[in-house]
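Note sheet for the following structure.
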Amino acid sequence: MIEVKGLVKTYGAKRAVDGVSFTVNRGDILGFLGPNGAGKSTTMKMITGFLRPTAGTALVDGHDVTQDPVAVKRRIGYLPESAPAYGEMTVQEFLGFIAEARGFRSAAERTAQVDRAISLTHLDPVRRQSIETLSKGYKQRVGFAQALLHNPPVLVLDEPTDGLDPNQKNEVRSLIKSMAAEKAVILSTHILEEVEAICTRVIIISQGRVVVDETPAQLQARQPGARLDVIFRSLTHSDV
Amino acid sequence: MRSIVPLFKREFLGYFRSPVGYVFLAVFLVASVILAFFVGGFFRGGTASLESLFNFYPWLFLFLIPAAGMRLWSEEKRSGTIELLFTLPVTTLDAVIGKYLAAWAFLSLAVVLSFPMALTVAYLGDPDWGVLLASYFGSILMAGSYLGVCSLASALTKNQVVSFVVGTLACLLLLFLGLSVFNTLLSAIFPTWLVDLLANFSFSTHFEAFTKGIIDPKDVIFFLSLSGFCLFLNVVALER
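Those protein sequences? They're chains U and Y, same order as listed. My numbering numbers the first residue of the first sequence as 44 and each following residue consecutively. My numbering numbers the first residue of the second sequence as 9 and each following residue consecutively.
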């Protein structure tokens with residue numbers, strides 16, 4: 044579903060992403076780990092077609108993001124970091140706009156998609172509230188609803204559980220898990236238990252390069268008995 | 009191209025989801041009427057025309073259009089919604105045109121809402137409706153060009169204040185080029201042919217004919233091509 048080939052992004056002399064390659068298949072939940080500034084978000088932004096890669100490319104469902112970004116964008120549901128949204132719109136208006144921009148032109152279709160996304164993410168109590176008045180947890184869920192709205196085959200989620208309380212985190216995780224069978228999912232996170240809990244594969248990225256690409260069990264097997272954060276620390280040097 | 013419609017709708021309605029739109033309309037209308045009555049000598053002129061109103065439009069636009077245009081892109085960049093916008097299946101050109109047309113429609117509404125002035129003139133005397141319509145048409149065209157410049161300024165920065173200042177200065181320059189005082193100053197430094205050439209790029213030179221009731225194709229083409237050129241640069245600025 045997703046094939047990332049030698050992605051490079053340079054900012055001036057700094058190589059933020061330095062030749063990242065991997066593939067994600069349908070049914071995979073790929074956990075994207077790494078210290079802050081390692082290039083996780085930049086890689087995701089290139090896969091979703093927001094940033095243009097300096098070199099390399101990504102194929103989503105056979106479409107090259109550097110050749111046909113609109114086709115790629117149609118197939119991806121993307122939750123950007125910190126879930127930006129048009130704050131002055133209500134949840135319903137906002138999701139309606141996303142639905143319309145995603146090609147659901149008839150009012151009936153649009154309502155159906157919006158209602159589906161709202162019920163999946165339990166946004167019903169706040170659907171007529173403007174987004175800027177919502178709590179962080181609800182805002183995050185609006186971002187999530189927006190990414191799920193068109194039922195995309197590929198989900199790219201940048202820190203989907205950031206800012207949620209433990210119950211909400213659990214709920215988001217089970218939601219991702221329940222959808223994973225027919226989708227390819229990439230999610231970035233700082234929470235190592237999350238990787239253990241839901242991911243079928245782990246990629247650790249450090250200073251713009253992939254240092255680990257294996258299953259969570261294999262990662263654990265590197266140092267049997269050790270906690271994941273110990274293993275993580277030994278594999279990555281802080282980029283600070 | 010079809011995706012322009014939802015972007016246009018969101019942007020246009022966005023003016024009315026917050027106080028911004030109402031404040032803008034109120035300030036624009038009150039300021040234009042005050043200028044016409046107290047500075048332009050609406051009654052003293054003793055003619056059934058709105059020249060005293062339209063003559064101030066280039067000056068009023070100078071401050072109000074940068075205020076309306078500064079948020080177009082700066083706001084999206086600052087709040088991060090630009091990431092959302094450009095991971096929807098829309099091209100940069102669609103987004104630029106959709107937002108521009110929405111803002112232009114809003115400004116046209118502001119201009120058209122001055123119609124009670126026209127009714128007043130019709131009540132007091134017998135105005136030349138051709139001249140009035142030409143003036144309205146010219147004002148809307150000129151507003152489009154001011155907006156093109158300001159939209160470009162907005163695409164260059166995520167800071168709305170910088171965007172406002174740059175937009176105002178660029179418009180100020182384009183306005184001053186046509187003033188004879190300014191041109192006399194310029195001809196002291198530059199050769200006459202260059203000054204004449206520059207004067208052709210002025211808002212005021214091209215707007216004047218409209219207020220006299222003359223719709224000259226070269227003025228129409230000037231405003232449209234200036235807007236088009238700015239939008240082209242706008243796309244380039246966003247894609248870099």
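Where a beta carbon is used, it is the ideal one built from N, C-alpha and C, also for glycine. Note that the coordinates shown come from a computational prediction; the quantities given were computed from them, not determined experimentally.
CB of residue i within 8 Å of CB of residue j, strictly
| i | j | result |
| --- | --- | --- |
| L278 of chain U | V254 of chain U | yes |
| S82 of chain Y | G152 of chain Y | no |
| S231 of chain U | S125 of chain U | no |
| L181 of chain Y | L241 of chain Y | no |
| S143 of chain Y | F218 of chain Y | yes |
| V245 of chain U | L262 of chain U | yes |
| I247 of chain U | I219 of chain U | no |
| A190 of chain U | L138 of chain U | no |
| L70 of chain Y | T176 of chain Y | yes |
| Q156 of chain U | L122 of chain U | no |
| L264 of chain Y | A245 of chain Y | In the structure as shown, chain Y starts at 9 and stops at 248, and residue 264 of chain Y therefore has no counterpart that could be examined. |
| A101 of chain U | G251 of chain U | no |
| T89 of chain Y | Y129 of chain U | yes |
| L194 of chain Y | L121 of chain Y | no |
| P127 of chain U | E91 of chain Y | yes |
| A207 of chain Y | L183 of chain Y | no |
| V197 of chain U | D104 of chain U | yes |
| G180 of chain U | Q211 of chain U | yes |
| F190 of chain Y | H214 of chain Y | no |
| S64 of chain U | K48 of chain U | yes |
| F20 of chain Y | F172 of chain Y | no |
Delimiting residues of the beta strand (DSSP E) encompassing residue i
| i | result |
| --- | --- |
| S64 of chain U | K57 to V67 |
| Y129 of chain U | First-last for Y129 of chain U: undefined, no H or E at that position. |
| A227 of chain U | A227 to S231 |
| F75 of chain U | I72 to L76 |
Range of the contiguous alpha helix (DSSP H) that encloses residue i
| i | result |
| --- | --- |
| K52 of chain U | Premise fails: K52 of chain U lies in the beta strand (DSSP E), I45 to Y54, not in any alpha helix (DSSP H). |
| D272 of chain U | L271 to L278 |
| S217 of chain U | P209 to M222 |
| N242 of chain Y | P225 to E247 |
| G49 of chain Y | Segment: none, G49 of chain Y is in no alpha helix (DSSP H) and carries neither H nor E. |
| D193 of chain U | In the sequence as presented, Asp is not what sits at residue 193 of chain U; that position holds His. It is not in any alpha helix (DSSP H) - H193 of chain U carries neither H nor E in the DSSP assignment. |
| M125 of chain Y | F123 to L132 |
| R25 of chain Y | I12 to R25 |
| K88 of chain U | K83 to I90 |
| N191 of chain Y | S188 to S195 |
| M150 of chain Y | W137 to A163 |
| V157 of chain U | A150 to L163 |
| V98 of chain Y | No alpha helix (DSSP H) contains V98 of chain Y, which DSSP labels as neither H nor E. |
| Q168 of chain Y | Q168 to F184 |
| T200 of chain Y | T200 to A207 |
| G77 of chain Y | Y65 to G77 |
| A8 of chain Y | The first residue shown for chain Y is 9 and the last is 248, placing residue 8 of chain Y beyond what the model contains. |
| T89 of chain Y | T89 to L93 |
| F62 of chain Y | E59 to F62 |
Option nearest residue i by Cα separation, candidates the options
| i | options | result |
| --- | --- | --- |
| A56 of chain U | U:P78, U:V47, U:G49 and U:T97 | U:T97 |
| N63 of chain Y | Y:G221, Y:R248, Y:S26 and Y:Q168 | Y:G221 |
| A227 of chain U | U:E46, U:G49 and U:R69 | U:R69 |
| E239 of chain U | U:V60, U:M44, U:I72 and U:D61 | U:I72 |
| A223 of chain U | U:P127, U:G74 and U:Q183 | U:G74 |
| R171 of chain U | U:L200, U:F147 and U:T133 | U:T133 |
| S11 of chain Y | U:A142, U:D61, U:A59 and U:V215 | U:A142 |
| P97 of chain Y | Y:L239, Y:A207 and Y:P14 | Y:P14 |
| M9 of chain Y | Y:K107, Y:L141 and Y:F198 | Y:K107 |
| I229 of chain U | U:Q183, U:P195, U:A260 and U:Q211 | U:P195 |
| V139 of chain Y | Y:L93, Y:R79 and Y:D224 | Y:D224 |
| F16 of chain Y | Y:A111, Y:L72 and Y:V228 | Y:A111 |
| Y131 of chain Y | Y:G22, Y:L37, Y:F24 and Y:A56 | Y:A56 |
| N79 of chain U | U:D256, U:E46, U:L271 and U:S249 | U:S249 |
| L37 of chain Y | Y:V119, Y:F172 and Y:E84 | Y:V119 |
| V28 of chain Y | Y:L80, Y:V47 and Y:L232 | Y:L80 |
| Q135 of chain U | Y:F172, Y:R18 and Y:V41 | Y:R18 |
| W67 of chain Y | Y:L187, Y:K166 and Y:F198 | Y:L187 |
| L72 of chain Y | Y:F45, Y:V47 and Y:A39 | Y:A39 |
Bridge-paired residues (DSSP) for residue i
| i | result |
| --- | --- |
| E257 of chain U | U:V245 |
| R252 of chain U | U:S249 |
| H106 of chain U | U:V103 |
| S173 of chain U | U:T133 |
| Y121 of chain U | U:V199 |
| A98 of chain U | U:V51 |
Query raised in the report: Taking contact to mean at least 3 C-beta pairs separated by less than 8 Å, is the region 108–124 of chain U in contact with the region 78–91 of chain U?
Result: Short answer: they touch.
Requested in this report: Take every Cβ of the region 90–105 of chain Y, pair it with every Cβ of the region 48–55 of chain Y, and state whether three or more of those distances are shorter than 8 Å.
Outcome: Segment contact: the region 90–105 of chain Y against the region 48–55 of chain Y, fewer than three CB-CB distances shorter than 8 Å; contact not assigned.
Report task. Indicate whether the contact test is met: 3 or more Cβ pairs, each with one atom in the region 166–176 of chain U and one in the region 200–207 of chain U, closer than 8 Å. Result -> With the cut-off at 8 Å, the region 166–176 of chain U and the region 200–207 of chain U do not touch.
Query raised in the report: Does the region 126–134 of chain Y come within contact of the region 155–174 of chain Y, defined as at least 3 CB pairs closer than 8 Å?
Result: Segments in contact, no.
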